[in-house]
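Here is the structure we will look at, set down as structure tokens.
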Amino acid sequence: MNVKKHPYSILSVLLLILVMMAFISLGVGAVYTSPVEVFTNLIGKSQSNHFILFNYRIPRMLLAVIVGASLAVSGAILQGILKNPLASPDVIGVTKGSGLFAVAVLIIFPGASMVALPFSAFLGAAVIAIALMLFSYTQGTKTHSLALIGVALGAICQAGIQYFMIKFPDNVNTTLLWLTGSLWGRGWNEMWFLIPCLVLIPLIIIFTSKLDILNLGDEMAVGLGERIKYVRYTLLSISVILTGASVAVVGSIGFIGLISPHVGRRLVGSRSKFLLPVSALIGALFLLLADTVGRGIVPPIEIPAGIVTAIIGAPYFLYLLRREQKNK
Amino acid sequence: MNIKKQRTSRYIIGFIGVFLLIAGIFIHVSVGSSSISITDVIRALFHPDNSKQTTIIQTLRLPRAVLAALIGASLAVAGALMQAITRNSLASPQVFGVNAGASLAIVVATILFPELHSKTTVYFAFLGSALGGITVYLFAAGGKVTHIKLALAGMAVHLFLSSFTQGVIVLNEDATDVLYWLVGSINGKNWSHVLVLLPWSVFGLLAAFIMGRSISILVLGENMATGLGEKVQWIRLVAGVIVIILAGSSVAVAGPIGFIGLMIPHIARKLVGGDYQRILPFSALLGGILLVYADILSRFIAYPFESPVGIVTALIGAPFFLYLARKGRKIKQ
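Residue numbers (my numbering), protein chains in the order written: chain A, 5 to 332; chain B, 11 to 343.
Structure below.
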């Protein structure tokens, strides 16, 4: 196991960068606000951009941070339990599942969308996760079949999404925007859906020892008295809840869950005690950066955050593939 | 005696296949928003006159049926070749990101140069499919990569390419046309599309059939193939180029129709055994049959509206993929 020396200092540096990024992010957008002005507004010394800050930018910044962290932790858990460095919620079909349900709601009930959308997205993630567990159940706890079945289920959901978009072409642009993933127009109302994340992330970081034991291998884990199947499905459920809640709020943003754990592993090694919090911080930073760049690059037009994460994430992913290949 | 028996059974399978394909094309031509009886179809094909039915059949229905057969055959053979050169039974144009790469290239090309004729977009498709395919191939070459890793890597490249495609569409408002195309559809195609596709797919299919023997030897293993005097890298390269030609031209004409390249080679292998001299032609035949019948089905999913045939193949293919995944260890061989 790869253990690096200064995990706490890395954690605090990341936290510092995140706070700085948050300040920059609050200033960027159609109405530009300097970091100093942001600060004076926040402590109440100035009222110049109070409304914009407190009603639009702050909730959006918080959402980006929480969603990014959730997706990253979810990916880190999945990579741990599937013992596969390429696993992530978007690759094993969970994101596609919530996409399918959300698209169905967006298109069939265009009026009800704002309330029903997050619920349906969440439901979709849960349905796919349950299907995943049912299909893989008879295989015992073989992890490789879990990943493949996830890819297959994702393909089925993809077909469903396409069917809806072709059958009801009127709402296609809203749907596409949602499918790419964007924080545009999200605010305090969406914060409710992230409460499970706010509870689960600290909990999972406290109970990380289970994940480490699973990493030792099945025999070893059984020898240490763990009920592997139970632990694995609990962790999978947590990962699904985190993904479902995130996708419910921002749509299906890719690559955060795939890449953040890798960066984390490079920085602090693979011990979950440090890996999970560091991945969470990196995920938060990643999404916040993506959202800020997308918002600030050609204002007032916003590039969906999902496109920015793909542009940043894909080259890094290709690099990972190559390194993986070299290790063979 | 057993060998003779096998040979007879292969002939029977072949005949049944050809019969099914021809019957499928006839049904395909007769079914549609205005239904034409089979006898009328035969009359229109062999004794064409100036009636409305003849016009419909000759300008709309027949090219579409021919396209379905050609594209089905191309994608199936591309899949069989990929499974052979990677020695990985999950390889297929879709899993390898070849389809997604071609889609991205074509979407970008049509948005940048809206006046382009589909003759030229074919080359963009080749470029894109090469890009997607090579990326995943570099990762999967040599057969050391397990199925799960290949599937996950392919999926990730696919996600990456398709999020770019989505982005391009989101930033360009008139999206619906491209969307329909992106699912994979041969609705509304005519002879000019057949002419775009025909030279590429005929060339690709013939080249693949000629390579059948070398491919069979390659599947035995790299050392064995080298020992038998085959130039392994050379075979891989040529097979890769054929895959890009077959898959790229199909996507350029009909969009990324999924799962044919994944499913058909498995079915062909079940029917005629492990020799690629037989698997490749049978894959072509079966692929043609599958897409012709899938295209017939596609008209009934949301009757009277037509659905893209890509949805039908996904609905058939994804469960098949699930079945392959559940077979688990068996497919590792």
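Think of the CB as a built atom: it goes at the ideal place given N, C-alpha and C, for glycine as much as any other residue. Quick caveat: nothing in here was measured; it's all calculated off a predicted structure.
Can you give me the C-alpha to C-alpha distance between residue i and residue j, rounded to a whole angstrom?
{"i": "B/I48", "j": "B/F36", "result": "7 Å"}
{"i": "A/A249", "j": "A/L198", "result": "6 Å"}
{"i": "B/V229", "j": "B/A94", "result": "6 Å"}
{"i": "A/A108", "j": "B/I81", "result": "31 Å"}
{"i": "B/T236", "j": "B/V242", "result": "6 Å"}
{"i": "A/V77", "j": "A/L110", "result": "28 Å"}
{"i": "A/N6", "j": "A/I209", "result": "Annotation note: pLDDT 49 at A/N6 (below 50); position unreliable, coordinate value reported separately. Cα to Cα, A/N6 sits roughly 19 Å from A/I209."}
{"i": "B/A33", "j": "B/I225", "result": "32 Å"}
{"i": "A/I21", "j": "A/M195", "result": "23 Å"}
{"i": "A/K49", "j": "A/E41", "result": "9 Å"}
{"i": "A/M169", "j": "A/T179", "result": "8 Å"}
{"i": "B/A350", "j": "B/V193", "result": "Absent from the structure is residue 350 of chain B, since the part of chain B shown begins at 11 and ends at 343."}
{"i": "B/S19", "j": "B/S43", "result": "39 Å"}
{"i": "A/P206", "j": "A/S124", "result": "26 Å"}
{"i": "B/F170", "j": "A/G227", "result": "40 Å"}
List, in order along the chain, the chain B residues whose C-beta lies closer than 7 Å to that of residue i?
{"i": "A/K233", "result": "Neighbours of A/K233 on chain B: none; closest Cβ ~17 Å, over 7 Å."}
{"i": "A/L351", "result": "Outside the modelled stretch of chain A, which goes from 5 to 332, sits residue 351 of chain A, for which no answer is possible."}
{"i": "A/A163", "result": "I321, A324, L325 and A328"}
{"i": "A/A318", "result": "F170"}
{"i": "A/T184", "result": "S173, Q176, G177 and V180"}
{"i": "A/L90", "result": "K159, L162, A163 and A166"}
{"i": "A/G258", "result": "L169 and S173"}
{"i": "A/P39", "result": "Under the 7 Å cutoff, chain B gives no residues; its nearest Cβ is about 29 Å from A/P39."}
Using a C-beta cutoff of 8 Å, does residue i count as contacting chain A?
{"i": "B/I277", "result": "no"}
{"i": "B/Q93", "result": "no"}
{"i": "B/F174", "result": "yes"}
{"i": "B/R97", "result": "no"}
{"i": "B/F331", "result": "yes"}
{"i": "B/P266", "result": "no"}
{"i": "B/R246", "result": "no"}
{"i": "B/L215", "result": "no"}
{"i": "B/R336", "result": "yes"}
Any beta-carbon of chain B closer than 8 Å to the one on residue i?
{"i": "A/K171", "result": "yes"}
{"i": "A/I311", "result": "yes"}
{"i": "A/V176", "result": "yes"}
{"i": "A/P63", "result": "no"}
{"i": "A/L240", "result": "no"}
{"i": "A/I160", "result": "yes"}
{"i": "A/V244", "result": "no"}
{"i": "A/L262", "result": "yes"}
{"i": "A/G84", "result": "no"}
{"i": "A/M133", "result": "What sits at residue 133 of chain A in the sequence shown is Ala, not Met. Taking Cβ atoms only, chain B never reaches closer than 8 Å to A/A133, which makes this a no."}
{"i": "A/A68", "result": "no"}
{"i": "A/F139", "result": "yes"}
{"i": "A/T145", "result": "Bear in mind that the predicted position of A/T145 carries a pLDDT of just 46, short of 50, making it unreliable; the figure below should be weighed with that in mind. Cβ-Cβ to chain B under 8 Å: no for A/T145."}
{"i": "A/M5", "result": "Confidence at A/M5 is low in this model, with a pLDDT of 45, below 50, so its placement is unreliable and the value that follows should be read with caution. For A/M5, the answer is no, since every Cβ of chain B falls outside 8 Å of its Cβ."}
{"i": "A/A314", "result": "yes"}
{"i": "A/P265", "result": "no"}
Which bits of chain A does residue i rub up against, with CB to CB less than 8 Å?
{"i": "B/S317", "result": "Y167, I170 and K171"}
{"i": "B/I179", "result": "L180"}
{"i": "B/A161", "result": "A151, L152 and V155"}
Starting from the beta carbon of residue i, find every residue of chain B whose beta carbon is closer than 9 Å, and list them in chain order.
{"i": "A/D94", "result": "M165, A166 and L169"}
{"i": "A/P281", "result": "Within 9 Å Cβ-Cβ: nothing; A/P281 doesn't reach chain B, min ~25 Å."}
Along chain A, which residues have their Cβ under 7 Å away from the Cβ of residue i?
{"i": "B/Y190", "result": "I170"}
{"i": "B/A312", "result": "K171"}
{"i": "B/V193", "result": "Q166 and I170"}
Can you list the residues of chain C that residue i reaches, using a CB-CB cut of under 9 Å?
{"i": "B/V108", "result": "Any reference to chain C falls outside this structure, whose protein chains are A and B."}
Residues of chain B with CB under 8 Å from residue i, in chain order?
{"i": "A/P206", "result": "What A/P206 touches in chain B: nothing, since even the nearest Cβ is about 29 Å away."}
Segment contact, 8 Å Cβ cut-off, at least three pairs: the segment 304-312 of chain B with the segment 86-100 of chain B: no
Completely contained beta strand (DSSP E) runs for the segment 55-109 of chain B, where each covers 3 or more residues: The qualifying runs do not exist here; there are none.
The segment 51-59 of chain A in contact with the segment 273-285 of chain A per 3-pair CB rule at 8 Å: no
Inter-stretch contact (C-beta, 8 Å, three-pair minimum) for the segment 282-291 of chain A and the segment 57-76 of chain A: Short answer: they touch.
Inter-stretch contact at 8 Å, needing at least 3 Cβ pairs: the segment 307-322 of chain A / the segment 124-134 of chain B: no
Segments of 4+ residues assigned as alpha helix (DSSP H) that fall wholly inside the segment 82-170 of chain A: 98-112 and 117-141
Cβ pair count under 8 Å reaching 3, the segment 122-130 of chain A against the segment 60-68 of chain A: no
At least three beta-carbon pairs within less than 8 Å, the segment 262-279 of chain B to the segment 99-113 of chain B: yes
Cβ contact check for the segment 214-231 of chain B and the segment 330-337 of chain B: 3 or more pairs under 8 Å: no
The segment 52-69 of chain B contacting the segment 251-267 of chain B, beta-carbon criterion three pairs below 8 Å: At 8 Å Cβ cutoff, the stretches do not touch.
Contact the segment 180-188 of chain A vs the segment 244-260 of chain A: 3+ CB pairs below 8 Å: yes
The segment 147-164 of chain A in contact with the segment 29-39 of chain A per 3-pair CB rule at 8 Å: no
Three CB pairs or more closer than 8 Å across the segment 93-103 of chain A and the segment 314-325 of chain A: no
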